[in-house]
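Colleague:
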Amino acid sequence: MSTQGSQPASPSSGRAPRGSACLNCRRRKFKCDGVRPICGPCIRTHREFDCEYTDGPTRSPTQLLEDNITRLEARIYELEHPDSVAPSIVLHDPRTATSQPGPSLPLAPVVSGSTPAAGSSVQVAACLMPQAAPVATPDATSEPTPDVIQMLIGLFLQHANQVGFFLHHGRFREYALVLDEEARQERLSPALLNAVYLWGVRFSGNASMVAHEPVYLQRAVEAVSSALVRAPPYNIIYSIQAEVLLAHYFFAANRSLEGRYHSNAAVALSLSCRLNKLRSSNNTPNPPGVLNVVLAPPADALEEGERINAFWSVFILDKSWSVRAGSPSHFNGSPGAQVDTPWPLQIEDYAQRGIPAMLRSSLTIQTFLSGISSDNVQGTSPTALRAKASALFERASRRASQWTPAMAYVEQFAAEFFILEHVIDQFIDALPPLHAALNQDVARDRLVTHTFALVASMQVYGALRQGQGAGQGRDLESARRAIAALDYVNLGALGYVDPIMAVLWTAISRVLIAAAGANQQQHIEADHDGLIAALQRLLTAMTTFARTSPLMGASLFPCPYAYDHTDASARV
4 MSTQGSQPAS PSSGRAPRGS ACLNCRRRKF KCDGVRPICG PCIRTHREFD CEYTDGPTRS
64 PTQLLEDNIT RLEARIYELE HPDSVAPSIV LHDPRTATSQ PGPSLPLAPV VSGSTPAAGS
124 SVQVAACLMP QAAPVATPDA TSEPTPDVIQ MLIGLFLQHA NQVGFFLHHG RFREYALVLD
184 EEARQERLSP ALLNAVYLWG VRFSGNASMV AHEPVYLQRA VEAVSSALVR APPYNIIYSI
244 QAEVLLAHYF FAANRSLEGR YHSNAAVALS LSCRLNKLRS SNNTPNPPGV LNVVLAPPAD
304 ALEEGERINA FWSVFILDKS WSVRAGSPSH FNGSPGAQVD TPWPLQIEDY AQRGIPAMLR
364 SSLTIQTFLS GISSDNVQGT SPTALRAKAS ALFERASRRA SQWTPAMAYV EQFAAEFFIL
424 EHVIDQFIDA LPPLHAALNQ DVARDRLVTH TFALVASMQV YGALRQGQGA GQGRDLESAR
484 RAIAALDYVN LGALGYVDPI MAVLWTAISR VLIAAAGANQ QQHIEADHDG LIAALQRLLT
544 AMTTFARTSP LMGASLFPCP YAYDHTDASA RV
């Protein structure tokens, strides 16, 4: 096994050059040897995680966290001083024919460390963020009328599963449609209700309603910010649901900074409530410094199911979008964030048969990713499959970004890669087929899950091909399979799809573009034309959802540009 890192230590002392020690050795004043991914002193002290270095080509997790803090501070300053800072969003009058919405910055790469800094100009589709609203603007301080509430909730529930909604639809509708406003808000928090109303407006597609979207957004953000301090104290699960909905909203709107803020809030709330430890067989307390919120016992099996599904909704959100942000996931096995909660069921199953009283679970994600068979027969519901696929996507993307042929312990790292490859292949083979979906909603769920898994496969094979020459062409094969999956879904009838598909489809487009460029250089016309047709099929799918997702629209721009103006080695 190799004992030499990607940046070798001094041959005379076995010590890393000045300034290149890992952060852990710096803090503990150890003599770091600079070996990667884990240096000698950290191995000897049984440190569980890869070392963090600040001298490499990529940012360390700590540096990324500092970058996020800097961006948040800049965004806060911008919000507090709107007259002295260039706005980060350029609004356009929808009545102005010359307005040309489109991004001035390309979509961040699938494994990236960047988010547009505060103050950068990102144009948003005029129909979604108008500057001027009609005269009949809703009152920002009062509830919509009962008729409007009923309409918005109906619109929302049609696509709720695509934006992380985990509550029981029937029970939520029953509580939300209570005519008396005070009685309604005794059961459901204004934060949750306003987040639902906001999405209902977005899903409506009605120009007169969409014109009021900024008002509903203002109401939702203000309600969420005060949800945990206002009286009466609302069910914290509703606050988590509101944060998840707002995170999805901002990600879809191509406003990653706000999306990460609400995603992180959802993670913090779920960890403080120990939702990652539900039904745990190893119920250790939270580590020092982590807020501990003790939830009352669930009133019934359905409420317990909502808590389980709440955790997995947050997990999927974190795993999905941490990749695009280039930030580490919060659920990578660190103390306090280990996942013991059992795999989720469909929400109706909790009401019908509940969970066996004696069921206990542990190391749910670790067991799955290691490829170890589990006695737990759960894990086949659509939400469970989505959670597994997002975990594979995040793990594959993170490992692919760490891979270099000159890295230390390259054999061990390659072995981990091959285990991950095996788990991904097994998972894909066991997925319910798209062609057997009973309806379009089921087909949409399966499309997202299949695409997650195929992009994970693509990331692994791409890294292996670059590093060892293994997996030659299999990343392209995974990309082609993801395109073929589109044939089983009537995209035009869906209306909306999880905005993470913009990130996944962009990753696929890069593989297709690189392969098409290589074939063109080698004068392989037949395969070249097939790749261009596949790319066009992908761009057509993205165009279908650009109306309800500015992120999807923004993602369209790099793809044709990359093909027309870059060679095969270029990255979008």
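Our numbering puts the first residue of the sequence shown at 4, with every later residue one more than the last. Glycine residues also receive a C-beta, built at the ideal position from the N, C-alpha and C atoms.
1) When the Cβ atoms of the segment 220-229 are set against those of the segment 293-308, are three or more pairs found closer than 8 Å?
2) Could you check whether the segment 163-172 touches the segment 240-249, counting it as contact only if at least three pairs of C-beta atoms, one from each stretch, sit closer than 8 Å?
3) Where do the N-terminal and C-terminal ends of the alpha helix (DSSP H) with Gln221 fall, by residue?
4) Is the distance from the Cβ of Val426 to the Cβ of Leu395 below 8 Å?
5) For Gly43, collect the residues of the same chain with a Cβ closer than 7 Å to its Cβ; drop the 5 residues on either side in sequence, then sort them by chain order.
6) Tell me, which residues are paired with Ser364 by DSSP?
7) Starting from Val199, trace the alpha helix (DSSP H) both ways and give me its first and last residue.
8) If you compare alpha carbons, which of Ser512, Ala510, Ile535 and Ile511 is closest to Asn522?
9) Tell me which same chain residues have a C-beta within less than 8 Å of the C-beta of Leu372, skipping the five on either side of it?
10) In whole angstroms, what is the alpha-carbon distance linking Met504 and Phe175?
11) Would you say Thr551 and Arg205 are within 8 Å of each other, going by their C-beta atoms?
12) Round the Cβ separation of Ala313 and Leu348 to the nearest angstrom and send it over; I've been treating them as touching at under 8 Å.
13) Could I get the ranges of all uninterrupted beta strand (DSSP E) runs contained in the segment 146-193, with 3 residues as the minimum, in chain order?
14) Going by Cα to Cα distance, which pick from Leu559, Val463 and Pro359 is closest to Ala482?
15) Looking at the secondary structure, which residues open and close the alpha helix (DSSP H) in which Tyr499 lies?
16) For the candidate residues Gly157, Ala518, Cys45 and Asn164, whose alpha-carbon lies nearest to that of Leu320?
17) Check the C-beta distance from Gly382 over to Trp406 and give it rounded, since I have them as a contact under 8 Å.
18) Could you tell me if Ala302 is buried or exposed, where buried requires 16 or more neighbouring beta carbons within 10 angstroms of its beta carbon?
19) Residue range of the alpha helix (DSSP H) that Ile350 falls in?
20) Would the segment 493-510 count as touching the segment 430-447 if we require 3 or more Cβ pairs under 8 Å?
21) Which one of His172, Gln161, Ala179 and His162 has the shortest CA to CA distance from Asp150?
22) Would the segment 354-361 and the segment 334-343 be scored as touching if the rule is three or more Cβ pairs under 8 Å?
23) Quick check: the Cα distance between Gly203 and Pro40, rounded to an integer number of angstroms?
24) Mind checking which residues open and close the alpha helix (DSSP H) that includes Phe334?
25) For the candidate residues Ala304, Arg327, Ser259 and Ile368, whose alpha-carbon lies nearest to that of Phe334?
26) Can you round the beta-carbon distance between Ser266 and Trp324 to whole angstroms, since I take them to be within the 8 Å contact cut?
27) Could you check if Pro14 is buried or exposed, using at least 16 other CB atoms within 10 Å of its CB as the buried criterion?
28) Judging by CA-CA distance, which residue of Glu184, Ala186, Leu155 and Glu414 is the nearest neighbour of Glu216?
29) Give me the residue from Ala19, Thr509, Tyr200 and Leu437 with the minimum Cα distance to Phe159.
30) Terminal residues of the continuous alpha helix (DSSP H) containing Phe548?
31) Using C-beta distances below 6 Å, list every residue in its chain close to Ala440, excluding the 5 sequence neighbours before and after it, in chain order.
32) Using the three-state DSSP reduction, which class does Lys32 fall into: helix, strand or coil?
33) For Thr118, which of helix, strand or coil comes out of DSSP?
34) For Ala302, does the three-state DSSP call read helix, strand or coil?
35) Assign Ala24 to one of two classes, buried (16 or more other C-beta atoms within 10 Å of its C-beta) or exposed (fewer than that).
Modeller: Looking at the coordinates:
1) no
2) Output reads yes: the segment 240-249 touches the segment 163-172.
3) Glu216 to Ser228
4) It is a contact, given that the beta carbons lie within the stated cut-off.
5) Once the five neighbours on either side are set aside, the close Cβ partners of Gly43 are Asp36.
6) DSSP output for Ser364 lists Ser283 as bridge partner(s).
7) Pro193 to Ser207 is the extent of the alpha helix (DSSP H) around Val199.
8) Ile535
9) Ala394, Leu395, Arg398, Leu423 and Val426
10) 27 Å
11) yes
12) Not confirmed; about 13 Å, so no contact.
13) none
14) Val463
15) From DSSP, Tyr499 is part of no alpha helix (DSSP H); its letter is neither H nor E.
16) Asn164
17) Incorrect: roughly 28 Å between the Cβ atoms, too far for contact.
18) exposed
19) Ile350 to Arg356
20) yes
21) Ala179
22) Contact between the segment 354-361 and the segment 334-343 is absent, because fewer than three Cβ pairs lie under 8 Å.
23) 46 Å
24) It is not in any alpha helix (DSSP H) - Phe334 carries neither H nor E in the DSSP assignment.
25) Ile368
26) 6 Å
27) For Pro14, the pLDDT reaches just 40, beneath the cut-off of 50, and the residue's location in the model is therefore unreliable, although a value from the coordinates is still provided. With fewer than 16 other Cβ atoms within 10 Å, it is exposed.
28) Leu155
29) Considering only alpha carbons, the answer is Tyr200.
30) Phe548 -> no alpha helix (DSSP H), and no H or E assigned at all.
31) Ala446 and Arg449
32) coil
33) The predicted model places Thr118 with a pLDDT of 36, which falls under 50 and marks its position as unreliable; any figure quoted below should be read in that light. The answer is coil: DSSP assigns Thr118 none of H, G, I, E or B.
34) coil
35) buried
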